Amino acid sequence: MQTSSSSAPIDLSVQAVSKHYTNFTAVNQLSLDVPKGSFFSILGPSGCGKTTLLRMIAGFITPDEGDILIGGKSMNNVAPNRRPVNMVFQHLALFPMMTVGENVGYGLARRGLAKAEIQRKAEDMLSRVGLPGIAGKRIDQLSGGQKQRVAIARSLVLEPTLLLLDEPLGALDLKLREHMKLELKQLQHEVGTTFVYITHDQSEALVMSDRVAVMNKGQFEQVGTPQELYYHPQTAFVAGFVGNNNRLEGALSSAQQGATAAGLPLHATSMQGGTSGNASFFIRPETIALSRNASEMENFANQFRCKVETLFFDGANSTVQVREVGSGTQLHVALPHTGQHADLVHDETVHIGIKAEHVQAFQR
Amino acid sequence: MQTSSSSAPIDLSVQAVSKHYTNFTAVNQLSLDVPKGSFFSILGPSGCGKTTLLRMIAGFITPDEGDILIGGKSMNNVAPNRRPVNMVFQHLALFPMMTVGENVGYGLARRGLAKAEIQRKAEDMLSRVGLPGIAGKRIDQLSGGQKQRVAIARSLVLEPTLLLLDEPLGALDLKLREHMKLELKQLQHEVGTTFVYITHDQSEALVMSDRVAVMNKGQFEQVGTPQELYYHPQTAFVAGFVGNNNRLEGALSSAQQGATAAGLPLHATSMQGGTSGNASFFIRPETIALSRNASEMENFANQFRCKVETLFFDGANSTVQVREVGSGTQLHVALPHTGQHADLVHDETVHIGIKAEHVQAFQR
Amino acid sequence: DDQVLRLLTWADYAPQAVVDQFKKETGITVEVTLSNNEEMISKLRATGGAGFDLVNPSQDRITGPAKEFGIYQPIDLKKVKVANFIPSMLESTKKVTGLDGKVYGVPLFWGTDGLVVNSAKSKAADYSDLCKAEYAGKTAVRLKRPTLIGQAFAMGKDPFKAYANPKQYEAIMNAAGDKLIACKKNLKYFWESKDQLLNDIRNGEVVAAQMWDAGGWKLNTENAAIKFVAPKSGALGWVDTFAIPSKAKNVDAAYKWINFISRPDVAAKVAKSAGSFTAIKGAENYMDAVMKKQLAESFPPAAMKNIKWYPAIPAGLEEIDGKVLDKIKAAN
Amino acid sequence: MIPSLPDSKFLTRGRAVYVTLFFLFLLLPLSVVAVFAFNNSLFPTPPWKGFTFDWFIAHTDDRTGLFFDTALLTSIWVSCKVAFWVTVLSVTIGTGNAFLLERAQFPGKSILTTMMLVPLVIPGVILGISILSFASQIANFAYDQWELELEWLRPGLPLVVAGQFSYIVTIATLTIAARLKRFDESLEEAALNLGASRFAILRTITLPYLKPAIIGSGAVAFLLSFENFNTTLMLVGSDNPLTVLMYGRMREGASPVLNAVSLLLMMVSGIAVALMYFRKPRQK
Amino acid sequence: MNGLSPKKLTLYLLLAPAILWLLLLIVLPHTGMGIISLRERVGPGEFAFSFKQYMTFFEEPLYWNTFVRTAVMSLIATVLALVLAFPVAWTIAKVAKGRMKALMLAATLLPFWASELVRTLGWLILLRGSGVIPGFFQMIGLTNEPVELLYHDATILVGLVYSSLLFMLVPLINALETLDDSLIEAAYDLGGNRFDILRRIVIPHAAPGIAAGCIMVFMLTLGNYLTPVVLGGKSSMWFTEQIYTQFITRFNWEQGAAFAFLLLGLSSLLVWAGLKITGQRFADAMRRT
Ligand SMILES: Nc1ncnc2c1ncn2[C@@H]1O[C@H](COP(=O)(O)OP(=O)(O)OP(=O)(O)O)[C@@H](O)[C@H]1O
Ligand SMILES: Nc1ncnc2c1ncn2[C@@H]1O[C@H](COP(=O)(O)OP(=O)(O)OP(=O)(O)O)[C@@H](O)[C@H]1O
Ligand SMILES: [Mg+2]
Ligand SMILES: [Mg+2]
């Protein structure tokens, strides 16, 4: 994985594209390059313009400004049914009046292929998505995950340059979603088609993608690998949106020194040029060390005494909510995988330590 | 929390209750005691009979056998509208033709309280669930989380002995669900009403409950605190259903010695009396130590050389899928919170170590 | 209740002014339902003679249904001011509507079926002229039995004489039917509503049509070129009567209405509205001069004598007519 | 096709033109009727002879305006009475039927369900005639046997109401059942759980939920009844509803009063619909 | 087991009016009519069992001609209504948005706020020889003389189609509205053209609505009385008119009842055939109207 290198040819290039609605700009001067064969995600909160962008790429919405190039060719004035892209819709849009095989073969039939050929290709593709021999079933006989895969097969069988996916896991239930997440990534890896994937679920984006663009209010906040986004967010928005985070509002007095509004002094890495002024501090729950023993915290730049408020036991994902005694600041702390501290009780005193490099500050 | 002690009075007692449908037993000779003031969850896969059980408690279904006692009184022949229990429905069942205030006041009005009294109580209750001043709104003006709380308020205002909740978070989206999970736990803590909570999401059950009953095919497999279930599952079903787990099929040759069918030798703690024969082995991803360096694994009873297959980067919840070189066994390994190993690449060789106590074996 | 008279009658036989006057004089409200001969019988048949207190069927349509369906009750002539009626008309109606020694109708209006002709555009003088090619697409008849009867007379046959002999009658009617089928191309339509026809004659779309006299004279007042012409083979004369349904609830009011209408002054009013002639003595004194003139013009004495009055129809004959009419309608 | 698919100008224009023509086609006959209500002529037909309000307000020998035409006004009142009863009956029994269809289980339910739909496919004339002949037979029988005159079985308003009801109730049933089908039964369970009795649930939850369908089907029932001609024609006695009276006038002596009353009706139902239509968003 | 449980009681209370309605107003009257149709008048007020009425129908070409004619015209009217209404239903359901959509919906309902009589009166004013449209033709010099537009079969069709459009539009709109736009987009995205999408996606999806609309329109035209009688010409026989004539002007209830039964049979048969061909079920289709 992470095979995408900047030298790979660019399959999709979005160039300064905008879409304005009456007194509302859904997509604002947005540019984007997706290299061939990569899994590219666009991650953003509801209403930020993701679908609008994707539908412009597919051709269902005409951009007001800018250009979209697919495989190097401008898509201006190319109708959706002539573009070398296919789309997997949020609610899949499988044709309920056709069998699975007819669904998968639909695009091929439109290209005028022979019946036998269509059937062979469709069954081939179904096998590749792990559903051999279901071509004869009706759509309503499939489970959610199967539908998912049929929808993808229906698009992939046309061998598009680009596959667009609009939150295709949104309608699935939790367990299935976890499962499909892993499966989808593997599928993309196998077929090698370029995927452009939309989601508002950061976990999906992180797990599956080679690169992720974080979108907010019609613009990209940051584009990078999942690791870059997670460990080196460039903006407060990205820090807050990608992964869980404790967010504390306060001010910086120098580049690496500050305090929250409630009076908690913090040593931080200042991420943006500025050295003082109002700032938001972000501390990931899993970077906070916790112990019943104050002495274990000696090496940490930030050391606080806290009272346990609530333990949220969830096996490997357990967290504890603590309150710093001096300022009353609430913090979420992830408990280690070892199961240590799963026995914390309400009102117990604990000590926490946070390295300065794990306190990320963004000027407001 | 974990305040429930076995000395607290029993609010709900289900005694050998069964429900048979034509050629199908939905609930089978099931018994259960819920102490006053506790948060009790029933966790089980879809179709295991959870809803059937809950509806028998509420009185919508008549048990074929057994007795249900609430607050010590048998509920045989007590109509649903006369039982001291209230229920929060899966899809909430808020009355769309009434305002929030009318919804919350509905039960009070049926008891014949005066208008002013109803209004006062309803607004009180709404404040307690954190929604002061919305009594006049229409239901469709509320967000998902607000509806959730209104549904709970509507039941709590009647001061039931027992509040039954049937997967009330099922319909919410991911983020909100995470949030409501924490909130619901706190709410129960504050009001002190006994909650009986149904879910098929193990994380919900673990995080919120004082005690959890794991249900399967109409019967309980294990009842215990979340920690007990997670760390000391009594059956293979519980080990597999609660928390993520690597499941390997094989056989035990002695009480603590065995091998998978693919030939991977394992040192294990045998959980059940038996000493040899077919067995399932469970290894939690977070108990597996991983290193690029074989020497770091020396202290582990089980040591394996593996190839990295896929890295699923998800911040603090990242996992890696590896394949043991000798037997080809696939294993999921959780990566440490520190972000170490987030840079693993495909086909890299790694070494993993597992303590014998973390390999749980169940006879089949 | 006693204060309501339910009247089933032809359009114009109960003008609003007369109804108002009746109400003022007697306190009885008249509920008018408009109808025609066939529908009157159907209605009463369905009600078994209930639902109405008084009807105005033509005299030839009384004894048949009375016998078959029992929908009429005999008239108590003692309650009718017989002196108001023209004796000859009363006598002939008594004869035609008499059954088992009882009388079922008293006359109200009489009139004729003939031709309305726009003399500026047509010289039609008999029913058969409607089929002349020169008037193609500009003539009209009703698809009803009077049309058949008229055609039959125009062909020189006497269907009335054949009433007693269904076989012979059927032959006559079939012949008339064939004539009309041949004529069909010439017709603009079979007219259904009086209004439709009057309008089309008015604006010249129709130049000659079979119709009853009142319509013709009405048009004549508007446009002198339009005339009612008694056909050479004879106009068909009908008499509309008062008859009382067998289960009438307010028989008293029915007699009151009969006696009210048969007052010469009232009769004249109704006559004016209907454009027909009454069987009431002295009504002509109140009558419009124009109408008298029109009558004289349409009916020279010879034509008057040549009027063929409908005898009572024996039950079952109408089935024969019906089939012929259907055949005409279906023919191309 | 749909807005998100690019259509050629030709297609878009073509569709606009077609739709415009279509609505012209729909509105043309009605507007002519409306316009000719003001024709200063004795006949409801061209030529246009100038503008007048006579056909609403005149009260002279040869012109009786709508507001003085007692027969017309009476018939409107008769129609209203009939429509009222048909509406009340259809909606009440329709509501019961809806519960029967959606909630009850009993042997023969599928037969009953199909039977309930049958009136929709019986031509109105036949419906009228069959009810007429059936009622007459019973009435004649009662009369012949016991000299008992069952007047309500004779042509007249009770039969008209019965005839219209016999198929309008199907429509009401379908409308209300459709809404009841979408009713989430857990709402009733929730109410029961909150201590409501069966009756209280019906009163406070189920019926309020059905209210829009009940009102809607009531309005439709009223309109259908008011407009009905085919069935009514067969069943009327001496009281004429408006449609039957208008038919009689059309055949025997139409005047622009017919246009005037049509215009009035169009306006009344237009206003009624507009009121319902504009109130809806606010309710919602 | 003595006394009724409340549940049973409720069931009976609900069943009673439904059964009374169906029995007294539908089943028995039609059975009665069936009986009437099977007798023959042998004398004044005397009747005997006979198939004569049905024999007459089959022996008399006039009657079955009318019968066939009515059915054929109704079918044509149904197809016309479908073809005319479909683009409009599509526009309302899929293209128009917001206010425009509401307005168009209201406009489709407009004609049906006025009674059938009013609509027919409108057509009379428009089409008669001296009417508005012939006058217009003359004015623009299309014809020299007024043309008679009334009294043709085509006129009847116009009137019938006009009267039944609503009943086609509403189920069509309902059916099309439930068609998810993304299905069309998906088909288009996969390379389908308009015709193909119509054939493979839209029509199969809308089939129940189409069936419902067609049944409604067909039944309404077949059973229509007013329009064919008022707008029809000298040869235009309509079967309901025939029934009316038998009952009302011929006093021949026996024959009329037989005709009524034949019409019922015809309509049931055609509806059944239509449903069979399109694979729909009666109850499903009717519930959509
Ligand atoms: N036709 C339109 N007219 C006006 N505004 C629109 C229109 N379509 C979308 N918008 C607005 O544009 C914004 C972006 O919409 P878009 O559907 O692209 O969001 P999204 O990121 O896909 O959100 P979600 O995750 O909820 O699907 C939204 O605020 C939406 O309200
Ligand atoms: N009325 C019924 N007749 C027959 N079987 C039924 C009936 N109701 C429920 N069942 C069966 O009983 C079993 C238990 O149903 P129940 O609704 O209690 O499951 P559940 O645990 O709540 O599942 P879920 O998580 O999907 O809601 C299911 O297998 C279901 O199919
Ligand atoms: Mg979107
Ligand atoms: Mg359940």
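Protein chains in written order, with the working numbering: chain A, 1077 to 1440; chain B, 1077 to 1440; chain C, 251 to 582; chain D, -15 to 268; chain E, 151 to 439. Cβ coordinates follow ideal geometry from the N, Cα and C atoms, glycine included. The structure presented is a predicted model; accordingly, all values stated were derived computationally and were not measured.
- Message: Out of A539(C), G387(C), R395(C), which one is the CA nearest neighbour of D363(C)?
- Response: R395(C)
- Query: At least one CB of chain E closer than 7 angstroms to the CB of F440(C): is that the case?
  - Reply: yes
- Query: Using a beta-carbon distance below 7 angstroms, is D1140(A) in contact with chain B?
  - Reply: no
- Message: For a cutoff of 7 angstroms on Cβ pairs, would you count A238(D) as touching chain C?
- Response: yes
- List the DSSP bridge partners of I1144(B). V1090(B)
- Query: Do M1291(A) and L1240(A) have their C-beta atoms within less than 7 angstroms of each other?
  - Reply: no
- Can you give me the start and stop residues for the alpha helix (DSSP H) that G1353(B) sits inside? Segment 1353 to 1359 is the beta strand (DSSP E) holding G1353(B); no alpha helix (DSSP H) there.
- Item | Reference N1179(B); option with closest CA among G1113(B), L1170(B), F1313(B) | L1170(B)
- Using the C-alpha atoms, what's the distance from I1215(B) back to A1449(B)? It is not possible to answer for residue 1449(B), since the shown part of chain B is limited to 1077 through 1440.
- Using only alpha-carbon positions, find the residue among H1343(B), A1315(B), V1426(B) that is nearest to S1367(B). V1426(B)
- Euclidean distance between Cα positions of Q430(E) and P358(E): 6 angstroms
- Query: With 16 as the cutoff for other CB atoms within 10 Å, does T1345(A) come out buried or exposed?
  - Reply: exposed
- Task: Determine the burial state of R1443(B): buried for a count of at least 16 other Cβ atoms within 10 Å of its Cβ, exposed for fewer.
- Result: Here chain B has residues from 1077 to 1440 only, and residue 1443(B) is not among them.
- Item | Simplified DSSP assignment, three categories, for N473(C) | coil
- CB-CB under 8 angstroms to I360(E), same chain, minus the five flanking residues each way: which ones, in chain order? L232, P321, L322, A325, I353, T428
- Check whether the Cβ of T1128(B) lies closer than 6 angstroms to any heavy atom of ligand 2, and answer yes or no. yes
- Does F1389(B) have its Cβ less than 7 angstroms from a Cβ in chain A? yes
- What's the C-alpha gap between M1077(A) and P1309(A)? Low confidence applies to M1077(A): its pLDDT is 38, below 50, so where it sits in the model is not reliable enough to give any reading.
- Using only the heavy atoms of ligand 2, determine whether one of them is closer than 6 angstroms to the beta carbon of P1102(B). Checking the sequence shown, residue 1102(B) turns out to be Ala, not Pro. For ligand 2, at least one heavy atom lies less than 6 angstroms from the Cβ of A1102(B).
- Closer than 7 angstroms by C-beta to D1423(B): which residues in its own chain qualify, once you throw out the five before and the five after it? Chain order, please. K1383, V1384
- If you draw a straight line from the alpha carbon of P1244(B) to that of Q1217(A), how long is it in whole angstroms? 27 angstroms
- Item | V1272(B): first and last residue of the uninterrupted beta strand (DSSP E) it sits in | 1270 to 1275
- Message: Check this for me: beta carbons of V109(D) and T305(E), under 7 angstroms apart or not?
- Response: no
- Task: Compute the beta-carbon to beta-carbon distance between L393(C) and I578(C), rounded to the nearest angstrom, for a pair I have assumed lies under 8 angstroms.
- Result: 6 angstroms
- With a CB to CB cut of under 7 angstroms and the five nearest residues on each side skipped, what residues in its chain are close to V1154(B)? G1135
- Message: Determine whether the beta carbon atoms of A1289(A) and V1299(A) lie at a separation below 7 angstroms.
- Response: yes
- Mind checking whether A296(C) and L116(D) have CB atoms under 7 angstroms apart? yes
- Task: Check the C-beta distance from V574(C) over to L447(C) and give it rounded, since I have them as a contact under 8 angstroms.
- Result: Not a contact, Cβ separation roughly 22 angstroms.
- Message: Can you determine whether any heavy atom of ligand 1 sits closer than 6 angstroms to the C-beta of S1122(A), and answer yes or no?
- Response: yes
- Query: Which of the residues in the region 1145 to 1167 of chain A, read from start to end, lie with their CB under 7 angstroms from any CB of chain E?
  - Reply: P1156, N1157, N1162, M1163, F1165, H1167
- Message: To be precise: take each residue of the region 1313 to 1329 of chain B, compare its Cβ to all Cβ atoms of chain A, and keep it if any distance is under 9 angstroms. Which residues remain?
- Response: V1318, G1319, N1320
- Query: What's the C-alpha gap between V1379(A) and N1393(B)?
  - Reply: What sits at residue 1379(A) in the sequence shown is Gln, not Val. The alpha-carbon atoms of Q1379(A) and N1393(B) are separated by roughly 25 angstroms.
- Message: Using the three-state DSSP reduction, which class does N124(D) fall into: helix, strand or coil?
- Response: helix
- Task: May I ask you to verify whether the region 1104 to 1119 of chain B touches the region 1263 to 1281 of chain B, counting CB pairs closer than 8 angstroms and requiring at least 3?
- Result: yes
- Task: Anything in the region 293 to 323 of chain E with a Cβ closer than 7 angstroms to a Cβ of chain C? List those residues in chain order, please.
- Result: Y301
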